[in-house]
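I have placed the structure first, in the form of structure tokens, so that the comments after it can refer back to it.
Number of protein chains: 2
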Amino acid sequence: MRMSCSYFKTWLWKVWEFCKEDGSRVKFSLKAGLAVLLVSLLILFQAPYEVFGINIIWSILTVAIMFEYTVGSTFNRGFNRALGSLLAGILAIGVAQLALCSGQVAEPIIIGISIFFVGTVTSFLKQWPSLVPYEYGFRVILFTYCLIIVSGYRMGNPIRTSMNRLYSIAIGGFVAVFVNVLVFPIWAGEKLHKELVNSFDSVADSLEECVGKFLKDDGSEHPEFSTTVMDEFPDEPAYKKCKATLNSSARLESLASSAKWEPPHGRFCHFFYPWSEYVKVGAVLRYCAYEVMALHGVLHSEIQAPYNLRVAFQSEIQDATNQAAELVRSLGKDISNMKRTLKTSLLKRVHSSAERLQRAIDMHSYLLTACSEPPDNSSKPLLKQLSHTLSLTPNEIPDQLADLDGDGLVKNLNQQSQNIESGTPLPAAAPAESYHEQMRKQSRRLHSWPSREVSAFEEEGPSNMDLLPRMKALETTAALSLATFTSLLIEFVARLDHLVDAVDQLSRLAKFKYVGL
Amino acid sequence: MRMSCSYFKTWLWKVWEFCKEDGSRVKFSLKAGLAVLLVSLLILFQAPYEVFGINIIWSILTVAIMFEYTVGSTFNRGFNRALGSLLAGILAIGVAQLALCSGQVAEPIIIGISIFFVGTVTSFLKQWPSLVPYEYGFRVILFTYCLIIVSGYRMGNPIRTSMNRLYSIAIGGFVAVFVNVLVFPIWAGEKLHKELVNSFDSVADSLEECVGKFLKDDGSEHPEFSTTVMDEFPDEPAYKKCKATLNSSARLESLASSAKWEPPHGRFCHFFYPWSEYVKVGAVLRYCAYEVMALHGVLHSEIQAPYNLRVAFQSEIQDATNQAAELVRSLGKDISNMKRTLKTSLLKRVHSSAERLQRAIDMHSYLLTACSEPPDNSSKPLLKQLSHTLSLTPNEIPDQLADLDGDGLVKNLNQQSQNIESGTPLPAAAPAESYHEQMRKQSRRLHSWPSREVSAFEEEGPSNMDLLPRMKALETTAALSLATFTSLLIEFVARLDHLVDAVDQLSRLAKFKYVGL
């Protein structure tokens with residue numbers, strides 16, 4: 000008993016949270032209840048019942064089917080239902096008259112054929128790409144046609160049947176629209192507007208989160224990478240939102256197509272408001288978000304740039320990120336406030352910070368390839384030694400490696416430090432690490448990001464041949480991963496231009512208020 | 000007249016093409032026509048009409064509303080309609096009896112309140128996340144309840160009303176399911192299966208197309224980059240398909256949820272076929288496709304790696320791409336044939352080709368940073384000269400530039416060629432180009448990928464400060480763009496492991512036939 004009571008409490012709490020999250024949910028429910036109640040009153044009270052009769056039952060059906068969440072989709076559905084019913088009614092009356100004239104035997108045959116024909120044609124048309132949005136309308140045509148023509152056949156007078164049906168549908172439609180628009184209206188346009196603004200914020204948040212993690216991560220607390228790609232990354236709330244943004248295209252489109260049906264209202268107070276531009280801006284934003292996804296990919300790649308290297312470019316990366324995120328947020332804020340401001344200076348700052356980053360990479364690009372000078376004579380012995388090692392049997396390798404470690408590797412490293420005469424620190428300079436530490440790291444890096452067991456690939460005989468040369472190769476690749484990260488960041492910045500353009504286009508077409516600097 | 004005739008012909012041609020593209024479209028239309036015809040016969044023929052009466056009209060409505068494209072969604076809708084009608088019927092009978100007992104005055108009040116209550120509760124419940132798929136069921140509950148209780152109130156005997164309604168719905172539902180399953184069934188599972196296989200192909204195609212273009216592009220025929228991000232890239236058919244794959248999540252999910260309702264059929268001949276795994280595999284594939292999008296971004300970035308450099312790594316890049324695309328295709332083929340094969344050797348080959356690529360980049364990584372040795376004394380004068388130039392007024396710059404060109408730049412370049420003692424060619428070696436050619440190129444590269452006019456950013460006074468230093472910076476960045484491209488390619492390969500895992504999981508759960516090597 001107490002169990003079920005506490006269960007009930009948690010359930011109640013969930014419902015409460017659900018309502019609080021978006022107040023319009025409760026409003027919508029109450030509105031729907033009100034609409035069916037209103038239309039039922041027409042049949043419950045004696046006076047209207049005497050006028051309309053039992054036919055008013057079709058109004059209830061209409062309300063129940065037409066009543067949608069937003070004003071726009073209610074209008075859309077209402078339009079479909081009205082036009083569909085009208086067309087079906089006209090067609091049914093025509094065919095019924097024709098059937099009536101053709102005699103008692105031919106009548107059901109003609110009706111049957113016409114039903115088959117209408118069923119086939121409507122079902123075919125609703126698959127036509129440009130007619131897909133009117134799917135519901137074709138459904139309405141089909142069943143209204145069948146209902147009118149069949150009941151006309153059985154009860155005679157198809158004209159009266161269809162007229163009755165049409166006016167009861169009209170009443171139902173009127174009640175649905177009336178309640179939906181006048182009682183706490185929920186506008187699809189408003190929702191679309193908010194959703195787009197939120198996407199801007201989530202892209203900016205996700206970018207900052209991603210870069211922040213990249214810079215913070217000193218490799219000390221790398222968790223075991225899980226084998227599933229689709230893990231939730233619970234410590235990255237913004238990433239989740241950004242991913243939701245990527246999958247939002249269908250939602251934005253349906254909201255926009257609903258919003259087109261809405262009359263001017265509230266802030267969106269002129270006719271032919273460019274709702275489709277919202278979809279376009281959303282698409283460009285998604286285009287930027289792909290770069291964030293790629294950044295996120297680099298962040299969670301097993302090949303990681305050494306911490307020292309990341310620190311070396313920290314300020315430039317951070318600066319470019321902050322500027323870019325600020326621009327994205329400010330674009331979102333502009334849309335939110337329906338203002339149009341010049342983004343030139345902000346954009347310029349973003350560009351110049353991205354350029355600073357480029358220049359920094361350029362200046363210190365030797366860091367990215369520090370371990371691999373052009374193959375001159377002095378380093379060749381090492382390479383030879385390595386290739387010698389490769390031809391050995393697996394058992395012999397450890398000894399050889401010890402040799403290499405004690406001799407060639409250190410020599411090579413010394414050489415490198417001599418080559419680099421500037422004062423900048425070596426990336427993740429290896430000599431401090433023990434040999435075993437290195438090997439452990441290597442084996443972790445062997446297979447990039449995904450954490451497949453190495454053994455899984457060792458079935459086909461001695462594949463150690465592949466194991467060794469990577470040692471050095473990946474050290475550089477790791478450094479180049481920083482280059483990748485920054486390139487992606489720069490590409491993100493480059494795409495911001497398009498975003499600014501798209502937002503500008505939107506604000507011009509939507510006549511946002513121009514605010515000078 | 001002739002005009003309209005030719006217009007009609009093109010229209011007819013389009014319809015024909017549309018039908019040929021997917022034959023099941025016509026089948027579906029004919030089936031829908033057949034279903035409504037069958038149910039209409041019950042009312043058109045005298046014998047069944049005498050049994051069922053005019054109530055059979057509800058069957059027509061049921062067929063028209065229930066008849067969906069695939070078997071699964073018809074079942075799903077049928078279930079919603081059946082359960083909804085049943086619940087509404089039971090509830091309506093209960094409330095109607097209660098209202099009857101409470102006297103003539105209270106009866107309409109109780110009925111009205113109950114209608115409001117049912118309207119509110121169903122509308123609220125259908126927004127609850129886990130109940131969203133049953134949205135239609137709640138709609139059915141609402142209007143069935145209203146219809147039964149209201150007509151029961153007006154015509155008496157709510158039990159008979161609801162029974163009549165229930166059996167006519169049952170007849171309609173039976174006809175719809177009967178026709179849908181037995182006449183050319185269109186299975187959602189089959190569609191899902193095909194769609195997933197196609198996505199594999201389109202990702203592989205898009206990867207190859209993207210890399211192919213990257214390697215082929217010698218910079219000679221760079222078209223003007225259009226300012227819109229959303230251009231169609233008409234010469235990249237695979238890219239378009241790949242983008243469609245990215246937006247297919249909602250479609251796959253709805254197909255999978257329909258497929259769950261389908262009985263075992265054809266190739267999918269055991270119960271509880273793991274349709275949800277298809278969605279998961281689709282998600283992992285999308286995850287891989289994000290990398291292709293990023294590659295595509297680099298391909299269309301304004302910062303382009305010099306042709307020579309690309310050629311240098313051509314064979315490795317091409318090899319890794321081919322292997323990766325082959326693996327993706329073979330995964331798609333396995334799913335298509337419902338076979339389970341060991342991917343170890345293929346995966347190994349992909350890995351080793353990716354490693355060869357890494358090693359190649361590593362060996363020649365000096366190429367990527369050739370222009371920027373660590374700032375030693377000899378190159379400092381040039382830098383000083385540059386910064387001196389920066390402080391000049393715009394008018395003075397050309398002269399200074401000429402100086403720079405004749406003196407510092409060439410000196411610098413010579414120095415570079417001395418520094419690099421190996422025989423490998425310099426990336427896009429500059430000395431051969433005229434100074435003006437260089438400047439033209441620079442100004443094109445100034446603003447990466449998006450082709451904003453430079454002038455757009457020159458409003459705020461002499462911003463030439465930004466113009467010059469980039470000259471060198473971007474030469475390196477351009478080279479690093481190759482590193483980015485390869486990193487992304489390698490990341491794509493890394494993600495393939497997850498794809499292999501996901502497909503393996505699917506094939507185990509779906510009991511694909513195991514085929515040894």
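Residue numbers (numbering that gives the first Met the number 0), protein chains in the order written: chain F, 0 to 516; chain A, 0 to 516. The beta-carbon is built from N, C-alpha and C at its ideal position, and this holds for glycine as well.
C-beta contact flag for residue 34 of chain F and residue 175 of chain F at 9 Å: As a first step, residue 34 of chain F is located in the first sequence; it is residue number 35 there, counting from the start. As a first step, residue 175 of chain F is located in the first sequence; it is residue number 176 there, counting from the start. Cβ distance < 9 Å, so residue 34 of chain F and residue 175 of chain F count as in contact.
Residues from the region 29 to 43 of chain F in contact with chain A, defined by Cβ distance under 9 Å: 29, 30, 31, 32, 33, 34, 35, 36, 38, 39, 40, 42, 43
Reference residue 98 of chain A, options A:83, A:339, A:86, A:114, closest by Cα: The count along the second sequence starts at 1 and reaches residue 98 of chain A at position 99. If we check each option's Cα against that of residue 98 of chain A, A:114 comes out closest.
Residue 138 of chain F: contacting residues in chain A (beta-carbon distance under 7 Å): Along the first sequence, one-based indexing puts residue 138 of chain F at 139. Neighbours of residue 138 of chain F on chain A, chain order: 63, 64.
Bounding residues of the alpha helix (DSSP H) (the contiguous stretch that carries residue 285 of chain A): Translated into the one-based positions of the second sequence, residue 285 of chain A becomes position 286. Here the alpha helix (DSSP H) through residue 285 of chain A covers 274 to 298.
DSSP-derived helix/strand/coil call for residue 348 of chain A: Against the second sequence, residue 348 of chain A aligns to sequence position 349. Residue 348 of chain A: helix per DSSP, three-state reduction.
Any non-hydrogen atom of the ligand GTP closer than 8 Å to residue 77 of chain A Cβ: Looking at this structure, you won't find the ligand GTP or any other ligand, since it has none at all.
Opening and closing residue of the alpha helix (DSSP H) in which residue 210 of chain F lies: Taking the first sequence and counting its residues from 1, one reaches residue 210 of chain F at position 211. Taken as a continuous stretch (DSSP letters only), the alpha helix (DSSP H) holding residue 210 of chain F covers 187 to 215.
Expected contact under 8 Å - CB spacing of residue 122 of chain A and residue 28 of chain F to nearest Å: For the purposes of this step, residue 122 of chain A is taken as residue 123 along the second sequence, with counting starting at 1. For the purposes of this step, residue 28 of chain F is taken as residue 29 along the first sequence, with counting starting at 1. Sure, about 4 Å apart at Cβ, within 8 Å.
Three-way DSSP call (helix, strand, coil) for residue 494 of chain F in this model: Here residue 494 of chain F corresponds to residue number 495 of the first sequence, with the count starting at 1. If DSSP states are grouped into helix, strand and coil, residue 494 of chain F belongs with the helices.
Touch test, the region 506 to 516 of chain F against the region 501 to 511 of chain A, Cβ-Cβ under 8 Å, three pairs minimum: no
Beta carbon of residue 237 of chain F nearer than 9 Å to that of residue 207 of chain F: Translated into the one-based positions of the first sequence, residue 237 of chain F becomes position 238. Translated into the one-based positions of the first sequence, residue 207 of chain F becomes position 208. In contact: residue 237 of chain F and residue 207 of chain F (Cβ atoms closer than 9 Å).
Whole runs of the alpha helix (DSSP H) within the region 38 to 91 of chain F, excluding any shorter than 4 residues: 45 to 51, 56 to 65
Short-range partners of chain A found in the region 232 to 252 of chain F, where Cβ spacing is below 8 Å: 245, 246, 248, 249
Whole-angstrom distance between residue 203 of chain F and residue 136 of chain A, CA atom to CA atom: Taking the first residue of the second sequence as position 1, residue 136 of chain A is located at position 137. Taking the first residue of the first sequence as position 1, residue 203 of chain F is located at position 204. If I take the Cα positions, the gap works out to 40 Å.
For residue 240 of chain F, the three-state DSSP class (helix, strand or coil): Taking the first sequence and counting its residues from 1, the one referred to as residue 240 of chain F is at position 241. Correct three-state label for residue 240 of chain F: helix.
Sub-9 Å separation of residue 326 of chain A and residue 495 of chain A beta-carbons: One-based indexing of the second sequence puts residue 326 of chain A at position 327. One-based indexing of the second sequence puts residue 495 of chain A at position 496. Cβ atoms of residue 326 of chain A and residue 495 of chain A: closer than 9 Å.
Through-space distance from residue 165 of chain F to residue 145 of chain A, alpha-carbon basis: For this step, residue 145 of chain A is matched to residue 146 along the second sequence. For this step, residue 165 of chain F is matched to residue 166 along the first sequence. Distance between the alpha carbons of residue 145 of chain A and residue 165 of chain F: 19 Å.
Where the alpha helix (DSSP H) through residue 332 of chain A begins and ends: The count along the second sequence starts at 1 and reaches residue 332 of chain A at position 333. 313 to 336 is the extent of the alpha helix (DSSP H) around residue 332 of chain A.
Continuous beta strand (DSSP E) stretch holding residue 514 of chain F: start and end: Stepping through the first sequence from its first residue, residue 514 of chain F is reached at position 515. 512 to 514 is the extent of the beta strand (DSSP E) around residue 514 of chain F.
Through-space distance from residue 353 of chain F to residue 410 of chain A, alpha-carbon basis: Taking the first residue of the second sequence as 1, we reach residue 410 of chain A at position 411. Taking the first residue of the first sequence as 1, we reach residue 353 of chain F at position 354. Any reading at residue 410 of chain A is ruled out, since the residue's pLDDT is 39, under 50, leaving its predicted position unreliable.
Reference residue 267 of chain F, options F:348, F:192, F:280, F:298, closest by Cα: In the first sequence, counting from the first residue as 1, residue 267 of chain F sits at position 268. Checking every option, the nearest Cα to that of residue 267 of chain F belongs to F:192.
Option nearest residue 108 of chain A by Cα separation, candidates F:75, F:39, F:51: Residue 108 of chain A sits at position 109 when you count from the first residue of the second sequence. Ranking the options by Cα distance to residue 108 of chain A, first place goes to F:39.
Bounding residues of the alpha helix (DSSP H) (the contiguous stretch that carries residue 103 of chain A): Stepping through the second sequence from its first residue, residue 103 of chain A is reached at position 104. Its alpha helix (DSSP H) spans residues 102 to 124.
Integer Cβ distance of residue 41 of chain F from residue 58 of chain F, believed to fall under 8 Å: The count along the first sequence starts at 1 and reaches residue 41 of chain F at position 42. The count along the first sequence starts at 1 and reaches residue 58 of chain F at position 59. Indeed, because the Cβ distance is near 7 Å, the residues count as touching under 8 Å.
Cβ separation of residue 80 of chain F and residue 188 of chain F, assumed to be a contact under 8 Å, to the nearest whole Å: As a first step, residue 80 of chain F is located in the first sequence; it is residue number 81 there, counting from the start. As a first step, residue 188 of chain F is located in the first sequence; it is residue number 189 there, counting from the start. Rounded, the Cβ-Cβ distance is 22 Å, inconsistent with contact.
Partner residues on chain A for residue 107 of chain F, Cβ-Cβ distance less than 7 Å: For the purposes of this step, residue 107 of chain F is taken as residue 108 along the first sequence, with counting starting at 1. Ordered by position in chain A, the residues that pass the 7 Å Cβ test against residue 107 of chain F are 43.
Between the CA atoms of residue 350 of chain F and residue 446 of chain A - distance to the nearest angstrom: As a first step, residue 446 of chain A must be located in the second sequence, where it is residue number 447. As a first step, residue 350 of chain F must be located in the first sequence, where it is residue number 351. Since pLDDT at residue 446 of chain A reaches only 33, below the 50 mark, its modelled position is unreliable, and the value read off the structure follows with that caveat. Approximately 8 Å between the Cα atoms of the pair.
Within-9 Å CB hit, residue 161 of chain F to chain A: Walking along the first sequence from the start, residue 161 of chain F turns up at place 162. Not an interface residue.
7 Å Cβ cut-off: residues of chain A touching residue 145 of chain F: Position 146 of the first sequence, counting from 1, holds the residue named residue 145 of chain F. Residues of chain A passing the Cβ test: 35, 39, 59, 63.
Minimum C-alpha distance to residue 87 of chain F - residue among F:177, F:149, F:155: Numbered from its first residue, the first sequence carries residue 87 of chain F at position 88. Nearest option by C-alpha distance: F:149.
Meets three-Cβ-pair contact criterion under 8 Å: the region 484 to 501 of chain A and the region 284 to 300 of chain A: yes
Backbone secondary structure at residue 12 of chain F - three-state DSSP: Counting from 1 along the first sequence, the entry for residue 12 of chain F is found at position 13. Looking at residue 12 of chain F - three-state DSSP - the assignment turns out to be helix.
Beta carbon proximity, residue 164 of chain F to chain A, threshold 9 Å: As a working mapping, residue 164 of chain F is identified with position 165 in the first sequence. Closer than 9 Å: no.
Rounded Cβ spacing between residue 260 of chain F and residue 74 of chain F (contact assumed at less than 8 Å): Position 261 of the first sequence holds residue 260 of chain F. Position 75 of the first sequence holds residue 74 of chain F. Contact flag correct, Cβ pair sits at about 4 Å.
Between the CA atoms of residue 70 of chain A and residue 117 of chain A - distance to the nearest angstrom: Residue 117 of chain A sits at position 118 when you count from the first residue of the second sequence. Residue 70 of chain A sits at position 71 when you count from the first residue of the second sequence. So the two alpha carbons sit approximately 31 Å from each other.
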